[in-house]
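Residue numbers for the sequence shown follow the numbering used here, beginning at 30 and rising by one.
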Amino acid sequence: MSVLLSRHNLEFCLYDWLGTDELTSRSLYADHDHSTFAGLLELSEQLATEKFAPHNRASDLTEPTWDGTTVTVLPEVGEAIRAFADADLMGASFPTSAGGMQLPISVHTASMLWFHAANVATAGYPLLTSGNAHVLLEHASAEVADMFVPHLLSGRFLGTMALSEPAAGSNLADLTTRAERQDDGAYRLFGQKMWISGGDHELSENIVHLVLAKLPDAPAGTAGISLFAVPKFLVNPDGSLGERNDVVLSGINHKMGWRGTVNTAPVFGSGAHLPGGAPGAVGYLVGEENRGLRCMFTLMNEARIGVGSAAAALGSTAYLKSLSYARSRPQGRLLGAALDSPQVLLTQHADVRRMLLAQKAYAEGAIALVLYASRLVDDERSLEDGSESSRLLALLTPVAKSWPAQWCLAANDLAIQVLGGAGYTRDYDVEQHYRDNRLNPIHEGTHGIQAQDLLGRKVLGDGGAALSLLATRMAKTVARTDSVHGEALTQAMESLGSATTRVGAIALEDPARAMANATAYLEAFGHIVVAWLWLDQVVALGDRADSFARGKRAACEWFFASELPRVGVWLDSMADETAFELDPDWL
Numbered sequence: 030m031s032v033l034l035s036r037h038n039l040e041f042c043l044y045d046w047l048g049t050d051e052l053t054s055r056s057l058y059a060d061h062d063h064s065t066f067a068g069l070l071e072l073s074e075q076l077a078t079e080k081f082a083p084h085n086r087a088s089d090l091t092e093p094t095w096d097g098t099t100v101t102v103l104p105e106v107g108e109a110i111r112a113f114a115d116a117d118l119m120g121a122s123f124p125t126s127a128g129g130m131q132l133p134i135s136v137h138t139a140s141m142l143w144f145h146a147a148n149v150a151t152a153g154y155p156l157l158t159s160g161n162a163h164v165l166l167e168h169a170s171a172e173v174a175d176m177f178v179p180h181l182l183s184g185r186f187l188g189t190m191a192l193s194e195p196a197a198g199s200n201l202a203d204l205t206t207r208a209e210r211q212d213d214g215a216y217r218l219f220g221q222k223m224w225i226s227g228g229d230h231e232l233s234e235n236i237v238h239l240v241l242a243k244l245p246d247a248p249a250g251t252a253g254i255s256l257f258a259v260p261k262f263l264v265n266p267d268g269s270l271g272e273r274n275d276v277v278l279s280g281i282n283h284k285m286g287w288r289g290t291v292n293t294a295p296v297f298g299s300g301a302h303l304p305g306g307a308p309g310a311v312g313y314l315v316g317e318e319n320r321g322l323r324c325m326f327t328l329m330n331e332a333r334i335g336v337g338s339a340a341a342a343l344g345s346t347a348y349l350k351s352l353s354y355a356r357s358r359p360q361g362r363l364l365g366a367a368l369d370s371p372q373v374l375l376t377q378h379a380d381v382r383r384m385l386l387a388q389k390a391y392a393e394g395a396i397a398l399v400l401y402a403s404r405l406v407d408d409e410r411s412l413e414d415g416s417e418s419s420r421l422l423a424l425l426t427p428v429a430k431s432w433p434a435q436w437c438l439a440a441n442d443l444a445i446q447v448l449g450g451a452g453y454t455r456d457y458d459v460e461q462h463y464r465d466n467r468l469n470p471i472h473e474g475t476h477g478i479q480a481q482d483l484l485g486r487k488v489l490g491d492g493g494a495a496l497s498l499l500a501t502r503m504a505k506t507v508a509r510t511d512s513v514h515g516e517a518l519t520q521a522m523e524s525l526g527s528a529t530t531r532v533g534a535i536a537l538e539d540p541a542r543a544m545a546n547a548t549a550y551l552e553a554f555g556h557i558v559v560a561w562l563w564l565d566q567v568v569a570l571g572d573r574a575d576s577f578a579r580g581k582r583a584a585c586e587w588f589f590a591s592e593l594p595r596v597g598v599w600l601d602s603m604a605d606e607t608a609f610e611l612d613p614d615w616l
């Protein structure tokens, strides 16, 4: 059995729970069948195991280097990316008209889980490239899309998203990178970005940056942001590479995790290169002027589910590795046993079983969450009326990003604890998984930003309409079970509704005060959603009584007994205004 992911769990989630085979009856996915999906997942497991996993430790220990000119990355990273691209996986979810496979997003997410579990740093390059290509295909002109998308999907080019700046961070309204219109229809960009993953390397022939910048006459704030495609090398009409564009690095960043994904501080328009004999990095407008942030959200929302998937995969592989260790490691004796009796395996100790069960509940709950969110994407795209799925997807996207990032990190912490002293040594993988996963509560919008997005935009900004849709779906699950968990879930959802009403009333008078405890709302919301998904999976099990089904039920029981009660504490804490009223000088 693989220690990356449980194939049994993936297949159960896709086919028995989500009914993924039903998608093949819809015109968008009619060219596929069960064997297509099974073949892709089998290929993904094989490539992840053979090409990604073997250098996971090496890429952590041998970080990318920069000599002032060239970024050098471990060669095995490039070999793995080429194998990924050669298997046509870069375009797995893209329409056939663009050269892709047109596979369901839920199947593609399941495929990517294997690569994230095997080597999250190397998997980061295809993750960014796929998202980059999606933005160009959806929002760029045909001319710009044709210039880049085929090469991104072939792996000849790799992509980035260049949002943050040294002085702006997540507050994109304050970015200073500027763009100047040119007579030939292109633009010249000037400015510096920070924390840009994949921003320079020799892993591909070219790198395509999606850069947020402002025009000189742009409105203030986020309403004045435009989006540009800026290649490292200009591209000739026949697809060959032209001049070096005016994009250089001022340095690279050194992270605690995801070390194999080079993280850079690129500078646009430094004058180090003069494409066409003029200063400034040549860029091509994506979408309309001053409407770039809307285009970029295509990538950001995709990346948020991708980050949640990466976190879920890291939680899963650390769980399976700690489980394997506990099943083979003799340690101590049971209470009351004779001193000269043989040692027992770690799994014989109740506290170790508790930690393993908690990991299972977090990791498999997170996998269910990202697969469910991905299925909403499929329904949004393939149903005649996908509006309900679209609203639910918008509501759940910040949860699908943040919940796995936080609670699979907690699972990684428990994996280290199961291994004891071995857990915090580099001789075992679990300490690296913890470090890798610690980045995910920050990636693609911090935990607090996701909380404000959920409460401010997705719940209050929507008037609670999407929340009502979610409650209706939960009620359908409750109606299919006679367990006490249905009542507990209903009560939790009612408490969430009451808290939403209270904070909504406060928001009318004082939005800042209302949003001060948004993180507590996110915590409660996420736990309710995952409790529901656990209960829904148990309903899908029916009367199965094998070990797999019993393990699922045990995880569900544990989550409802140990985790769902936290919801009341979080919701009650929203009334506490200590942090809001605190004078920073008191800290």
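Beta carbons are placed, not taken as given, at the ideal position from N, Cα and C, and that holds for glycine.
| Asked | Found |
| --- | --- |
| Which value, in whole angstroms, describes the spacing of the CA atoms of residue 391 and residue 443? | 11 Å |
| Which residues in the same chain as residue 593 place their Cβ atom closer than 7 Å to its Cβ, once the five residues preceding and following it in sequence are excluded? | 517, 521, 556 and 560 |
| Compute the distance between the beta-carbons of residue 129 and residue 122, then report whether it is under 8 Å. | yes |
| Helix, strand or coil for residue 186, going by three-state DSSP, please let me know. | strand |
| Thinking just about the alpha-carbon of each residue, which of 587, 421, 93 and 57 is nearest to the one in residue 105? | 93 |
| Would you decide whether residue 63 is buried or exposed? Buried here means 16 or more other CB atoms lie within 10 Å of its CB. | exposed |
| Just the Cα atoms here: how many angstroms apart are residue 142 and residue 71? | 12 Å |
| Would the region 364-381 count as touching the region 311-318 if we require 3 or more Cβ pairs under 8 Å? | no |
| Pop quiz: residue 359 and residue 374 are said to be a contact at Cβ under 8 Å. What is the actual Cβ separation, rounded to whole angstroms? | 6 Å |
| What number of angstroms, rounded off, separates the C-alpha of residue 471 from the C-alpha of residue 162? | 23 Å |
| Answer with buried or exposed for residue 169, where buried requires no fewer than 16 other C-beta atoms within 10 angstroms of its C-beta. | buried |
| With three or more C-beta pairs closer than 8 Å as the rule, is the region 215-225 touching the region 164-178? | no |
| What separation, rounded to the nearest whole angstrom, lies between the Cα atoms of residue 113 and residue 542? | 48 Å |
| Within its chain, find whatever has a CB closer than 6 Å to the CB of residue 277; leave out the 5 residues flanking it on each side and keep chain order. | 296, 299 and 301 |
| Between which two residues does the beta strand (DSSP E) holding residue 236 run? | 235-243 |
| Provide the residue span of the alpha helix (DSSP H) that contains residue 501, from first to last. | 494-508 |
| Short check: CB of residue 544 to CB of residue 328, under 8 Å? | no |
| Do residue 239 and residue 256 have their C-beta atoms closer together than 8 Å? | yes |
| Locate the beta strand (DSSP E) running through residue 210, then write down its first and last residues. | 207-210 |
| Note down, in chain order, each residue of its chain lying with its Cβ closer than 7 Å to the Cβ of residue 237, except the 5 sequence neighbours on either side. | 161, 177, 181, 186, 188, 258 and 260 |
| Does the contact criterion of 3 or more C-beta pairs under 8 Å hold for the region 531-540 versus the region 451-462? | no |
| Considering only residues of the same chain and omitting the five flanking positions on each side of residue 482, which have a CB-CB separation below 6 Å? | 427 |
| With C-beta atoms as the reference, is residue 52 less than 8 Å away from residue 407? | yes |
| Note down, in chain order, each residue of its chain lying with its Cβ closer than 6 Å to the Cβ of residue 578, except the 5 sequence neighbours on either side. | 570 |
| Within 10 angstroms of the Cβ of residue 553, are there 16 or more other Cβ atoms? Answer buried if so, exposed if not. | buried |
| Within the chosen definition, does the region 191-201 reach the region 337-356 through at least 3 CB pairs nearer than 8 Å? | no |
| Shortest alpha-carbon distance to residue 466 belongs to which of 153, 49 and 58? | 153 |
| Quick one: what's residue 94 bridged to in DSSP? | 101 |
| For residue 5, name the three-state secondary structure that DSSP assigns. | Nothing can be reported for residue 5: it is not among the residues displayed for the chain, which extend from 30 to 616. |
| Tell me residue 219's beta-bridge partners as DSSP assigns them. | 207 |
| Within 10 angstroms of the Cβ of residue 416, are there 16 or more other Cβ atoms? Answer buried if so, exposed if not. | exposed |
| Take residue 118 as the anchor and find which of 77, 279, 266 and 87 has the nearest alpha-carbon. | 77 |
| Per DSSP, what kind of secondary structure is residue 455 in: helix, strand or coil? | coil |
| At which residues does the alpha helix (DSSP H) containing residue 488 begin and terminate? | Taken as a continuous stretch (DSSP letters only), residue 488 belongs to no alpha helix (DSSP H), as it is neither H nor E. |
| Would you mind reading off the limits of the alpha helix (DSSP H) that contains residue 429? | 416-448 |
| Between the C-alpha atoms of residue 242 and residue 419, what's the straight-line distance to the nearest angstrom? | 29 Å |
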